[in-house]
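Here is the structure we will look at.
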Amino acid sequence: MVSLKKSRIFTCALILFLFFGFLIYKLADIQLLSAENYGKESVNLLKRSVEQRSSEISLSSGRGIFVDNEKKPFNNVLKNDIVLFPFIQLLDLPDSIQLEINSLDTHWQSKLEQEKEPIYLSELVGHEISNKLYEMVKEKSIPGIIAVERTISSDPLVASHAIGIVRENEEEYYARYEKSVDQSKSMPIGISGLEKAFDSFLVSTNDETLKYHVDAMGNPLLGLNLRYQGKGDYFYPVKVQTTIDSTIQQMTEQVIDNYQMTMGGLVLLDIETRKVLAMTSRPKIDEFDPFKDDTLENQMLTSHFPGSVFKTVVAAAAIEKSPLSIGKQYDCNNNLYGDGTGDRTLGILSFEESFSLSCNYTFGEIGKELLNNDKEMLEKYSEKLGLIGPVGWSGDVYHFENFSQFPEEEQGRIWGNEQDPYVDRAIVQTAIGQKEVKVTPLAMANMMVTIATNGVNGQVRIADKILYNNDSTMLKFEPKLLNQETMIKKETALYLKKLLVDVVENGTGQQLKGLEVAGKSGTAETGRDGKSHYWFAGFFPKDKPKYALVVVDLNQTNGNSKHYQIYREVVVNLKNGVTNINDTKNALH
Numbered sequence: 001m002v003s004l005k006k007s008r009i010f011t012c013a014l015i016l017f018l019f020f021g022f023l024i025y026k027l028a029d030i031q032l033l034s035a036e037n038y039g040k041e042s043v044n045l046l047k048r049s050v051e052q053r054s055s056e057i058s059l060s061s062g063r064g065i066f067v068d069n070e071k072k073p074f075n076n077v078l079k080n081d082i083v084l085f086p087f088i089q090l091l092d093l094p095d096s097i098q099l100e101i102n103s104l105d106t107h108w109q110s111k112l113e114q115e116k117e118p119i120y121l122s123e124l125v126g127h128e129i130s131n132k133l134y135e136m137v138k139e140k141s142i143p144g145i146i147a148v149e150r151t152i153s154s155d156p157l158v159a160s161h162a163i164g165i166v167r168e169n170e171e172e173y174y175a176r177y178e179k180s181v182d183q184s185k186s187m188p189i190g191i192s193g194l195e196k197a198f199d200s201f202l203v204s205t206n207d208e209t210l211k212y213h214v215d216a217m218g219n220p221l222l223g224l225n226l227r228y229q230g231k232g233d234y235f236y237p238v239k240v241q242t243t244i245d246s247t248i249q250q251m252t253e254q255v256i257d258n259y260q261m262t263m264g265g266l267v268l269l270d271i272e273t274r275k276v277l278a279m280t281s282r283p284k285i286d287e288f289d290p291f292k293d294d295t296l297e298n299q300m301l302t303s304h305f306p307g308s309v310f311k312t313v314v315a316a317a318a319i320e321k322s323p324l325s326i327g328k329q330y331d332c333n334n335n336l337y338g339d340g341t342g343d344r345t346l347g348i349l350s351f352e353e354s355f356s357l358s359c360n361y362t363f364g365e366i367g368k369e370l371l372n373n374d375k376e377m378l379e380k381y382s383e384k385l386g387l388i389g390p391v392g393w394s395g396d397v398y399h400f401e402n403f404s405q406f407p408e409e410e411q412g413r414i415w416g417n418e419q420d421p422y423v424d425r426a427i428v429q430t431a432i433g434q435k436e437v438k439v440t441p442l443a444m445a446n447m448m449v450t451i452a453t454n455g456v457n458g459q460v461r462i463a464d465k466i467l468y469n470n471d472s473t474m475l476k477f478e479p480k481l482l483n484q485e486t487m488i489k490k491e492t493a494l495y496l497k498k499l500l501v502d503v504v505e506n507g508t509g510q511q512l513k514g515l516e517v518a519g520k521s522g523t524a525e526t527g528r529d530g531k532s533h534y535w536f537a538g539f540f541p542k543d544k545p546k547y548a549l550v551v552v553d554l555n556q557t558n559g560n561s562k563h564y565q566i567y568r569e570v571v572v573n574l575k576n577g578v579t580n581i582n583d584t585k586n587a588l589h
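For the sequence shown, the UniProt record's numbering begins at 1 and goes up steadily by one.
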């Protein structure tokens, strides 16, 4: 019995010894051995313990920003504000500050009682903070009420498709930056437009916060540790200076919205520099569900059926490769296939008259003649004119090969399959911009710049520079022109200019007559519910071109398109320097 009793005592003692030994080991492991790399998930216990005893309020995400051609921010605003801690109602505030806050909202204290975390006064009361109140709080240095500068970031109010938007997406963040990030939490990333294209330059590695420690009850220990955390250097975050003129951009958006365009948009390029001055796409982005109904898609970078605007390519090829075809007369009473009477009976027309009045039969016949000589003729001249695309700026930037300013730009196309260039009916449909022909409005605007510059072909830019935080230049995107072999002849461009002028003076574009515009109209059938795409692409002033403008009204029913009205109003506004379109009616008359 004694022996058995001793055995039980020994067993219990051993169990206790092992238990306390294990506890001591775990404590040592947690505090000494594995404090920064604990468990299967390699948790940093030191960092986690600090996080549990501290909280913070964000002053800025630390993400880089976009500015317009005059360095005005699109979606970031620096403003003065005041941080309130929830326990401030227990303190005696100076009467002057109390009265000033009461003037904003007499119920601010009861609202603050409902908050468990610090909050900005502007968000609490729903009003901007006056400079007077900001300076009063800053001067007094009262615990629990702190004057700060904060950066307000939001979706851009103008050029939203071009600039793009930023959202939280932890999975995508780590997929993009798995090998380069060294932080415990993901940061917001660009999901469209320039925000996505330049994300690696803009993404934050260190946001700006006001960090504070809390006691066991969650109350801030203001006397112990209230500090600013962030880089705050002269170089980061960076700014991307775009080529967009925000005043012109806003004007174009107002014009389009006044005419209630539901799908489509416009592109405006500076002819001398090939820079995007404005790019507007509709429908607007659904900020709550950007992927709903493809509202995030930039229609100016999406390829669409171009209709008769594509006859410009056929005309260029005919001028250089088929001089006999441009000297003929064509019976434009015929339909496209020449086997019956057309919907529009235009009589016997010359090549120039056929272009001006957009005779389908003429360009179907010329298309067949061109492809009898070279099955790749239309692709070659689409490339020479800068139409097929991609036409946006691309090149090597630091360690990024073939970096593109327009990664969402779609590739244009001429044929749907390898057999079409050998089938007459497919050839004639293609020659008038139907069948499988698709181009982007951006590329169409680029083609107009090519013609306006006497055949010079190049890449379109929407970003001019990447700037450091102190506005010094990190990188400049230089113009890129294509080599001479990929250009049309100067004489060809001059001939095309004459044709485009005649379209407005005597042809299908007479709604723009008197505005010094040269261009080409186009109506492309979509094959869906009788809807068509309505285009006008051109440049102005016709003698000394300054702007190239393309307007397209997509999926519109016959007679309801407003593309001519929009084109006309934008031209008039630019001509008269009208930026407030409330004055547009006076300018038009």
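By construction, the Cβ of each residue, glycine as well, lies at the ideal position given by its N, Cα and C atoms.
Quick one, which of the options has its alpha-carbon nearest residue i's?
| i | options | result |
| --- | --- | --- |
| Asp-257 | Asp-270, Thr-242, Lys-284 | Lys-284 |
| Phe-536 | Ser-561, Glu-287, Thr-473 | Ser-561 |
| Val-578 | Thr-247, Lys-140, Tyr-134 | Thr-247 |
| Ser-160 | Ala-175, Ile-191, Ile-146, Tyr-173 | Ile-191 |
| Thr-280 | Ser-58, Ser-322, Leu-121, Gly-193 | Gly-193 |
| Thr-345 | Phe-351, Glu-352, Asp-339, Cys-332 | Cys-332 |
| Thr-473 | Glu-410, Val-240, Asn-402, Val-397 | Val-240 |
| Gly-126 | Glu-113, Glu-117, Asp-105 | Asp-105 |
| Leu-349 | Ser-154, Ile-326, Thr-242 | Ile-326 |
| Asn-80 | Trp-393, Glu-135, Asn-169, Val-276 | Glu-135 |
| Lys-465 | Gly-347, Gly-538, Phe-201 | Phe-201 |
Do residue j and residue i count as a contact pair if the criterion is CB distance below 8 angstroms?
| i | j | result |
| --- | --- | --- |
| Met-261 | Arg-274 | no |
| Thr-557 | Lys-531 | yes |
| Ala-317 | Tyr-259 | no |
| Val-267 | Ala-452 | no |
| Ile-319 | Thr-492 | yes |
| Ala-443 | Val-391 | yes |
| Ile-244 | Asp-529 | no |
| Gly-455 | Lys-498 | no |
| Ser-354 | Thr-362 | yes |
| Phe-540 | Val-571 | yes |
| Gln-459 | Lys-480 | yes |
| Val-428 | Gly-522 | no |
| Tyr-173 | Ser-153 | no |
| Val-550 | Gly-433 | no |
| Leu-512 | Tyr-567 | yes |
| Glu-383 | Leu-301 | no |
Please classify residue i: does DSSP put it in a helix, a strand, or coil?
| i | result |
| --- | --- |
| Met-474 | strand |
| Asn-334 | strand |
| Arg-176 | helix |
| Tyr-259 | coil |
| Gly-392 | strand |
| His-304 | strand |
| Phe-198 | coil |
| Lys-321 | helix |
| Ser-204 | coil |
| Glu-569 | helix |
| Asn-360 | helix |
| Gln-419 | coil |
| Val-240 | strand |
| Leu-349 | strand |
| Arg-63 | coil |
| Asp-517 | Looking at the sequence itself, residue 517 is Val, so the reference to Asp does not match. Residue state, collapsed to three classes: coil. |
| His-563 | helix |
| Ile-30 | Because Ile-30 carries a pLDDT of 48, less than 50, the predicted location of this residue cannot be relied on, and no value is offered for it. |
Grab the span of the alpha helix (DSSP H) containing residue i for me, first residue to last.
| i | result |
| --- | --- |
| Gln-98 | 95-102 |
| Trp-108 | 108-113 |
| Glu-135 | 131-140 |
| Ser-532 | Premise fails: Ser-532 lies in the beta strand (DSSP E), 531-540, not in any alpha helix (DSSP H). |
Going by DSSP, what residue range makes up the beta strand (DSSP E) through residue i?
| i | result |
| --- | --- |
| Leu-387 | Note, Leu-387: premise wrong, no beta strand (DSSP E); not H, not E. |
| Thr-280 | 275-282 |
| Val-77 | 76-84 |
| Ser-154 | Where Ser-154 is concerned, there is no enclosing beta strand (DSSP E), given that its DSSP letter is neither H nor E. |
| Val-552 | 547-556 |
| Gln-510 | Unbroken run through Gln-510: none, as it is neither H nor E. |
Roughly how far, in whole angstroms, is the beta-carbon of residue i from the beta-carbon of residue j, given that I think they are within contact range, below 8 angstroms?
| i | j | result |
| --- | --- | --- |
| Gly-307 | Leu-554 | With a Cβ gap of about 12 angstroms, Gly-307 and Leu-554 do not count as contacting. |
| Leu-500 | Gly-519 | 6 angstroms |
| Glu-379 | Ile-414 | 5 angstroms |
| Phe-198 | Ala-524 | Not confirmed; about 33 angstroms, so no contact. |
| Asn-457 | Pro-237 | The pair is not a contact, with the Cβ atoms about 36 angstroms apart (cut-off 8 angstroms). |
| Ser-303 | Lys-438 | 4 angstroms |
Measuring only between beta-carbons, confirm whether residue i sits less than 8 angstroms from chain E.
| i | result |
| --- | --- |
| Asp-81 | You won't find chain E in this structure, because it holds only one protein chain. |
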